[in-house]
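Encoded as structure tokens, the structure appears first; notes follow it.
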Amino acid sequence: LHTNILSVRKVVLVKMSNSSSPSTRPMRLAKQGAYETMSNVLGLSRSHHKVSQSVSGNGSSVSVNPRALDEILDSNNPSVSAVAQSRSQKRKSPNDSEVVFTTPKRGRPAGRGRGRPPNRPVLDKEASLYFLIKEGKAALIQVADDWIEHYQKDADLAVMDLIQFFISSTGCKGIVTLNDIRTDDFSQLIRKMTEDFDEDSGDYPIIIAGLQWKKFRRNFCDFVKTLIKQCQYSVIYDQYLMDIIISLLTGLADSQVRAFRHTATLAAMKVMTALVEIAVRLSQSLASVSKQFETERTKQRKGNQRIEALMQKKHEYSENKDEIINMLDYIFKSVFVHRYRDAVPEIRSLCVTELGEWILNFPEHFLDDSHLKYVGWTLYDKVGEVRLRCLQTLLPLYQEEQFAPRLELFTNKFKTNIFVIQVRLVSMVLDKENETAVLAVKLVTCMQRHFPALLVARDNEMVYELIYSVHRGLALAAGEFLLQQLFNVKTPGRTRSQQECKATNKSVIRDLVQFHKESKLHEHAAYLVDSLYDSHDLLKDWTAMTELLLHGDDKQPLDREDESLLIDIMACSVKEAATGEPPIARSVNKKYVTQKEHKQVQDDQARLTEHFAEHLPVLLQKFTANPRDLENLLTIVQRFNIEVYGAAHYLNHLNALVKCLEEIFERHADEELLGTCSRTYECLCSEKLPVHVRPLVTGSTLIDLTMLKLRQEIQQFNTVDGALDEEDIVTLITSMRRIEALHQCHDLSKWDVWDLIFPIVKQRQEYAVPPNPEMMRLSVKTCYWSLLWALKAIADRQSFEDSIPKLKQQFQQFCTCCRELMESPVNETAETAYLILCDLLLIFGWSLPERNEELTALVFEADQSLEDQLEQFVRRKVFVDDAAQAGDVTDEEAEIVKTHRRRIYLAAFCKLVVFGVVTVASAVHIFKNYVTFQSDFGDIIRVLLNRCRESDKMGWAKTMIRALCALYQETVVRSELDPENRDKISDAIYVVHELAKRFAMSFGSDPTKTREAIVTLHREGIDFACAADLNTATGKAPRDLPFLEALNELSNRLLKQDKRIVLNYLNRHFNGVRVGVDGEWQPLITYRNSLVESEDEAALMPPPPLPPPLISATVNKGQVPPPLSLTPSMKTILKPDVSSPFVPVAASSFLTRRTARTGTTVDTLMEVDFEEELLFQIFYVSFAVVQLNGFLAKMDNQRRLWKKILHGNEKPEERPSRLASNGSEWFISKMENK
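All residue numbers for the sequence shown refer to the numbering used here, where the first residue is 10 and numbers rise by one.
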């Protein structure tokens, strides 16, 4: 072995003594790696060899001290024995082709052992890199230049400061010394820093929230990139600096400490980003020099010095680029390949994001399948944020036309997963998941643009479904895909004629109608329009739409259904153009509208008014037979800029429009259509209409003729005492519908509508033939509008002084009638009366005088009987389990309609509670059903809870506890009626627990604001649980004691001092009650433990009594207990075998030791030194069966009690001597520790 090592030493010295030039750097690096391997094999430490390295412009030289190997070969040197051990620690390269970057041997002394630390420059905190970067008080470029200057003067100190910067950036408080950077690798330094790192907090600088730390993270990344870029012209190629940085970051990135791993990965990725920029710049310089070189060569001049200079520069650029690429490959394989699948999602996102930057900036090296595959694999990540970063990486690549050929293989391989991500994320409601789905659709759109044959019909349909998505960004992305894929709409590359554009738009509009027809979502045209509105001006081409409706298409004419769909689409596009607002549920949170957007809306409104003012009357005439089409067309008038009718050439069009309205009113009886006509007529009567054309509208006989006809028909109805034939009844109902529709938007008080209609409501039972239910419904609604118009006239001071008493009388009479109609067996009549009564109670409530003090006399306060009646209506109509009544056979569409109606009824009553018209206590039944009907009404009840908390905290808390009590009682009654579940009440009250949890979440984040309310809730809950069957003699638990388990869900909302108050209140209820340890008392124990905050509070409540004693003994306070005598049951346990499982382990072992030592039996062992031991052990066994919930608190309470019984009032100095005489000192000390 000695001879072999001598020969190896000679070979190493000869090889390493040769100097290297820039042209032999790869070979030099390989030799350095070989020397390191040999050094590890031979066991060379830094104390046995010195390597000096001198850097010059052309190269560097390495020399080895021969004495180092001679010293290690000394037979008396203990290092020789370590050579064999070091063979198992040989350093290996990842593969033979890799370049291993290691710290060059510079002949530094070895790290210190025990003893005084080496001298180190005093660390100036304010001058450190970490402080400068964190505070941001200096420019990053200046900081980097200063460090480079420091490095050129003293490389070791500069590198030490840089390493300290990286270590401090992880949040570690460790200090780096010069000895730490003189080792072969940084594993020892990382281990040392790991010991100094505090991982308890879990936070470190780059992830801590706050503006300061966000700024630090940004400065950290910028500084690393700036430092590397500033070094590109000086020290980056010196074979020392980059080796140090790469070795350190590689080691830290492999650490088990998350802070080290995350920070080092971030730094390594930014180093690679900076190196990529350098490589790109070198590639550009190399290309420029090569071009100049070829130009000079064509001149064919001999001895041209410029050619030689260009050749040398080209060689230098090429060599530098190769070295940078070697660094990139090494960092990629050493850091990225391991960290892109790290357990921390933030690290995975970081790696994928930076890889996208490298591919985009340096495609010649990174845009290949060997690098893209990592992005494709990460598309399967479980975390949405990581998938989002993958899509953000891929989207810019597919948007570049030049990258398309190189992405074809990747596209075919990972296309399926992109669709899987899109489909999986559509059903999620989280914002970041929706954002991921949006990018997935955009990416699919780009893929389809480059590879038209890539997607099949099923793939397209998956995207088409997103057109009607509620998320607007996702719908817009799907709209772009639809325009590109289905309609092949692109921005034209040449200027097309107006005729060509019109023909193209007609064809696309026809296809759009067909698409909407096949989607079978005809009621959601507004969502289709909004999805396409921003992508193309197609939906603003109202001229093409109008021509299709009026003249059709020769190639493919539209059928009746297509025309209705096109009218619907056209009306929706007009609405969005005139308002600039997306449909309901797609609204975006925009605080303000920009001036550009406002001007665009005005221009669109003016353009649509000019077009439809001329063509709308013609369209109304053509589609006058279809109420749905007429309703959509009339909504267009409501979007007009009415001022355009001031122009002379629009007078005829206005006159034609008014005549169309009169014909529609005369011809149709559809209630929705009549309401739309009334609102349209109101728009035409607006004050914005020029004065000189207003008589064309106001001079219409529409209202006069309708009122005249209705008056005649009602007189006939009264004459025959309601006994009209069926045809006359239909005519009367039609006239009443028209008046009710007109009364919504027009004041008909001068026609005495109230005196004409209200007698039908009031005297409904006096008719020989009761009025038709539809007549009653329309009469109630018409009277409702009359009251509102009368109130508006008084509020606007347009009425006389005697109008207030008259209106008050009318209101009271109408409310009485509505209360009677609410009990009607006809659902439509009862529901209409309920909704109108709720609205009137709200309008005539306590807030009425805020607008006008004269209206104080009209304020109406609901009495308790009215509150009860409204609440009973909600119980009957809203909280109904249809599934239990109808069985499994249900009509889904009918159920949706029913749920919608019920939500309206519930919202009407909740408004009365929120605005104080009825008391909060009337909402007990609503609160009680919060969990049961969570899917249908959960959002409404949640808003009600929050608003009640803001208005009346005490009433809100009392209502919640009453709701809990009511639900508990109902649950118990149902369980008792069911013979199978009679003994499982705790399982049946699961819904009560869930309701208590929901109530706990409604208390808000600040418990001090609801402090008094939550204490009141607990007190009333305790009163309810202890109200019945509380017998101090029998010790039987109250029947409703399990209710405390549900109340336990609200204990965490109590403040610490309030828990003490509630605990005292609980103790007073159970004062003198014999509380057992069996299951029926467990709710009390659990609830009490939730209120205990300290040992002192645990002693406030007397402990539960022990089971019947096994030992017959009497112990008085302050006295030493007398010898004990065993009861028969105790003898049965102890005598047969002291190792019986019924005997506590400590007692059994104690008896075994005593019997072995004294040779006596168990009967004679009952001495004073055994009494405390046995008593504590028996107590321990008696409570071992109690549930673990709150076990330590009960043990501590009993320890205190027994301690007082055993020790009494003895002096502290007497206690140690007495306890020393018995064997219980260990047990008491263990109990005190617990």
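Beta carbons are placed, not taken as given, at the ideal position from N, Cα and C, and that holds for glycine.
query	result
Confirm, please, whether the CB-CB distance from lysine 279 to cysteine 230 is below 8 Å.	yes
What's the call for lysine 422, buried or exposed, on a 16-neighbour Cβ count within 10 Å?	exposed
Just to confirm, is the Cβ distance from glutamate 623 to histidine 560 under 8 Å?	no
How many angstroms separate the CA atom of serine 292 from the CA atom of asparagine 335?	15 Å
CB-CB under 7 Å to leucine 492, same chain, minus the five flanking residues each way: which ones, in chain order?	Val498, Leu541, Ser544 and His545
So is isoleucine 1094 buried or exposed if we call it buried at 16+ other beta carbons inside 10 Å?	buried
State the start and end residues of the unbroken alpha helix (DSSP H) segment that holds serine 407.	The sequence as given places tyrosine at residue 407; serine does not occur at that position. It spans 393–407 - the alpha helix (DSSP H) in which tyrosine 407 sits, taken as one unbroken run.
Using a Cβ-Cβ distance under 8 Å, would glutamine 265 count as near chain C?	Among the protein chains of the structure shown there is no chain C, as only one such chain exists.
In or out: tyrosine 389 buried (at least 16 other Cβ within 10 Å) or exposed?	exposed
Considering only their Cβ atoms, is the gap separating histidine 531 from tyrosine 477 smaller than 8 Å?	no
Which residues mark the beginning and the end of the alpha helix (DSSP H) in which tryptophan 156 is found?	149–162
For phenylalanine 1244, collect the residues of the same chain with a Cβ closer than 6 Å to its Cβ; drop the 5 residues on either side in sequence, then sort them by chain order.	Not covered by the structure: residue 1244. The range shown for the chain is 10 to 1243.
In its own chain, which residues sit with a C-beta less than 6 Å from the C-beta of alanine 486, not counting the 5 before and 5 after it?	Val447, Val450 and Lys451
Looking at the secondary structure, which residues open and close the alpha helix (DSSP H) in which asparagine 329 lies?	314–340
Give a yes or no on contact between the segment 687–701 and the segment 630–650, applying the rule of three or more CB pairs nearer than 8 Å.	yes
Leaving out the 5 sequence neighbours to the left and right, which residues in its chain are closer than 8 Å to valine 597 when beta-carbon positions are compared?	Arg481 and Pro591
In whole angstroms, give me the CA-to-CA distance for threonine 513 and aspartate 378.	41 Å
Leaving aside the five residues before and after arginine 415 along the sequence, list all residues of the same chain whose C-beta is less than 8 Å from its C-beta, in chain order.	Pro372, Leu376 and Asp377
Which word fits leucine 220, buried or exposed, when buried means at least 16 other C-beta atoms lie within 10 angstroms of its C-beta?	exposed
Answer yes if the segment 319–327 comes into contact with the segment 358–371, meaning at least three C-beta pairs across the two stretches below 8 Å, and no otherwise.	no
Taking the alpha carbon of arginine 616 as the reference point, which residue from Ile593, Pro768, Phe649 and Tyr601 has its own alpha carbon closest?	Phe649
Do the segment 811–820 and the segment 829–847 touch if we need at least three Cβ pairs shorter than 8 Å?	no
What residues in its chain sit with their C-beta under 6 Å from that of isoleucine 316, if we drop five residues either side in the sequence?	Glu305
For alanine 966, which residues in the same chain have their Cβ closer than 6 Å to its Cβ, ignoring the five residues on either side in sequence?	Ala1022, Thr1025 and Leu1026
Less than 8 Å separating the beta-carbons of threonine 980 and valine 1000?	yes
Tell me whether the segment 779–791 and the segment 835–850 touch, counting them as touching only if at least three CB pairs, one residue from each stretch, are closer than 8 Å.	yes
Could you tell me the distance, in whole angstroms, from the CA atom of arginine 884 to the CA atom of isoleucine 998?	21 Å
Under three-state DSSP, which class holds proline 1118?	The predicted model places proline 1118 with a pLDDT of 39, which falls under 50 and marks its position as unreliable; any figure quoted below should be read in that light. If DSSP states are grouped into helix, strand and coil, proline 1118 belongs with coil.
If the criterion is Cβ atoms closer than 8 Å, does the pair leucine 548 and leucine 557 meet it?	no
Determine contact between the segment 747–757 and the segment 767–781, defined as no fewer than three beta-carbon pairs at a distance below 8 Å.	no
Verify whether the separation of the beta carbon atoms of lysine 886 and arginine 912 is less than 8 Å.	no
What residues in its chain sit with their C-beta under 6 Å from that of serine 795, if we drop five residues either side in the sequence?	Val762 and Trp763
Give the DSSP-derived three-state secondary structure of valine 889 in the structure shown.	coil
Decide yes or no for the touch test of the segment 709–723 against the segment 737–747: beta carbon pairs closer than 8 Å, at least 3 of them.	yes
Using 10 angstroms around the beta-carbon of arginine 398, count the other beta-carbons present and answer buried if the total reaches 16, otherwise exposed.	buried
Could you give the distance in angstroms between the alpha-carbon of threonine 282 and the alpha-carbon of alanine 413?	23 Å
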